[in-house]
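Residue numbers (my numbering), protein chains in the order written: chain A, 1 to 309; chain B, 1 to 309. Cβ coordinates follow ideal geometry from the N, Cα and C atoms, glycine included.
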């Protein structure tokens, strides 16, 4: 083991190598970015379909959004305050032939060519649920609140040798927007459903109080508050470390954060509260591969029945 | 009709409004960006599954890649030369607390906050097939070449009121990498299969010689060459204009473009040629909705059987 490397680093590198050598995932040419094989995709499809079935009692509206969201949407939330270092801002070229010549000269010289770019109207989506809140601003919510199922590609700029920390990954969420009691109930029911769902996959998850990776000095305070109020609970399972198991899902209460940000009112006219259950689809696939082995054909029949009924 | 607007603009706006009012797609808050309903997603899933079934005789390796690709990969191809204006370069924040304060001050002031960002190691993926070429560089290809099925989210920065010109959309491709004769054969067989596949969906497509939207003065020459050699054939179908029907799929011969760029050699040691069949999954869904009506429940039984066998 190289100096300065921890046991976790070693386990991460070993699991990454196993995944790539088995052909399940492909090194896509930059740290944290992976291609997926058909077998891997059959696992993520199975996980996603299972999440959908588990959420049927929610009667949620299913919506799907692209990997990019409007720039104004990111600016409107606290994302740039809380997680600037994870942001993926999209820039494009709007110049003429002359500026284009300059762009190509920079590329040819192996220099940064981004100085000739301008920000586009979009940024990469950091979490699946962000685009649903603007859908709730057309007057007070119904008494039962609104429920959404939303899944798709998310991006967080945290290059890592840990295959469970990807730059681009899929998240599958069930979101509730309504009143505080409804948000608490959403959390409670999804703690139960989530635990049962992972259990059915043979993943004996632990539910732990957690915090988001808030940035900088102020972030330390935000993280402490989040933990104090137990706003984030993670379903963790050991993938590359038993000491620091990986969050493969979470239940989050946002209090009135999105309600205030987007001006959403519950049926009684108060600022709406929201909560979500979120599954890391790729991380759940990796947990399954790590725990049951790299050949899904050999997984326990009960697990296979959950994924591919 | 407002002055300066063409009939096509009117038809685009009308179809866009219909799609949004029906709830099939959602205005995601910036021009060219849309959310998708469950019904819409059932159509795109059906289209994608049909493309997969149509390509079974290829015996292709199925690979799936995220919506972002390495920056070096874009730099290595001619993309920045040919389509700089469509590029989506990803930038992130790597500063400290002090620079973070500056970032937040810019956001609060409603000013551009991108000056404090730095380029990330990735860019948005402009076409589904780009990540497969680096997979072919491990020595000469087998005599039969290599075949890939690849699909996923692509990004092109071309904001438009035409719902068939989305910022973010899905493309499903079958790619061949091998020798010139194999590339021609790939084109020929996919012209047949593609025409039959669209025919089975009730879409009487026309196959036309086309060109990519190359940028600037030099681009005009590149486009003319591409047309002269008939390297790009598009399956077009009228969605918002009968005069300018929309390309909902294409067959492309790349000659030795990717072979040279990535140093790929065919079995005889020559620079490899490549070709691809590409389906615009979202555009095909829109063509179906436009042609058969906004309620897939009422579509012809034969079309439904192709999509949801």
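When DSSP builds the beta bridges, which residues end up paired with residue 37 of chain A? B/63
According to DSSP, residue 123 of chain B sits in a beta bridge with which residue or residues? B/69, B/89
Does residue 248 of chain A have its Cβ less than 9 Å from a Cβ in chain B? no
Note down, in chain order, each residue of its chain lying with its Cβ closer than 7 Å to the Cβ of residue 28 of chain A, except the 5 sequence neighbours on either side. 34, 35
What is the DSSP secondary structure of residue 248 of chain A, reduced to helix, strand or coil? strand
Give the residues from the segment 70-97 of chain A that approach chain B closer than 8 Å (Cβ to any Cβ), ordered along the chain. 70, 71, 72, 73, 75, 80, 81, 84, 85, 86, 87, 88, 89, 90, 91, 92, 93, 94, 95, 96, 97
If you measure from the beta carbon of residue 36 of chain A to each beta carbon in chain B, is any gap under 9 Å? yes
Just to check my reading of the structure: residue 150 of chain B and residue 122 of chain B have Cβ atoms closer than 8 Å, yes? What is that Cβ distance to the nearest angstrom? The Cβ separation is near 17 Å, so there is no contact.
Quick check: is the beta carbon of residue 7 of chain B nearer than 9 Å to any beta carbon in chain A? no
Per-residue contacts from residue 120 of chain A into chain B (C-beta, under 7 Å): 88, 157
Chain B contact for residue 217 of chain A (CB, 9 Å cutoff): yes
Run through the DSSP bridge pairs and tell me what residue 274 of chain B is partnered with. B/177, B/255
For residue 62 of chain B, which residues in chain A fall below 7 Å Cβ to Cβ? 38
Based on the DSSP output, what are the partners of residue 27 of chain B in its beta bridges? B/34
Please state whether DSSP places residue 21 of chain B in a helix, a strand or coil. helix
Taking Cβ to Cβ, would you say residue 31 of chain A is nearer than 9 Å to residue 159 of chain A? yes
So with CB distances below 8 Å, who are the chain B contacts of residue 29 of chain A? 69, 70, 72, 73, 131, 134
Which first and last residues belong to the beta strand (DSSP E) in which residue 207 of chain B is found? 206-210
Span of the alpha helix (DSSP H) holding residue 281 of chain A? 281-292
In chain B, what lies closer than 7 Å to residue 100 of chain A by C-beta? 84, 215, 216
Residue 259 of chain A versus residue 129 of chain A - alpha carbon distance: 13 Å
Any Cβ of chain B within less than 9 Å of the Cβ of residue 295 of chain A? no
Who are the neighbours of residue 65 of chain B on chain A, taking C-beta pairs under 7 Å? 28, 35
Any chance the segment 207-218 of chain A sits against the segment 235-255 of chain A, with 3 or more Cβ pairs inside 8 Å? yes
List the residues of chain B whose Cβ lies closer than 8 Å to the Cβ of residue 153 of chain A, in chain order. 66, 67, 153
Residue 302 of chain A classed as buried or exposed, judged by whether at least 16 other C-beta atoms fall within 10 angstroms: exposed
Closest to residue 12 of chain A by C-alpha separation, out of A/267, A/42, A/262, A/246, would be which residue? A/246
Between the C-alpha atoms of residue 113 of chain B and residue 192 of chain A, what's the straight-line distance to the nearest angstrom? 42 Å
What is the residue span of the alpha helix (DSSP H) that residue 98 of chain B lies within? 97-108
Given residue 240 of chain A as reference, the closest of A/251, A/283, A/255, A/111 once Cα atoms are compared: A/283
Could you check which residue in A/220, A/297, A/197, A/186 has the C-alpha nearest to that of residue 279 of chain A? A/197
Outcome for residue 232 of chain B when other beta-carbon atoms lying within 10 angstroms are tallied against a minimum of 16: buried
Buried or exposed: residue 298 of chain B, going by 16 or more other Cβ atoms within 10 Å of its Cβ? exposed
Assuming residue 107 of chain B contacts residue 167 of chain A (C-beta within less than 8 Å), just tell me the rounded distance between them. Not quite, the Cβ-Cβ distance comes to about 23 Å (not below 8 Å), so this is no contact.
What residue range does the beta strand (DSSP E) around residue 116 of chain B cover? Neither: residue 116 of chain B is in no beta strand (DSSP E) and is coded neither H nor E.
Is there a Cβ of chain A sitting closer than 9 Å to that of residue 112 of chain B, yes or no? yes
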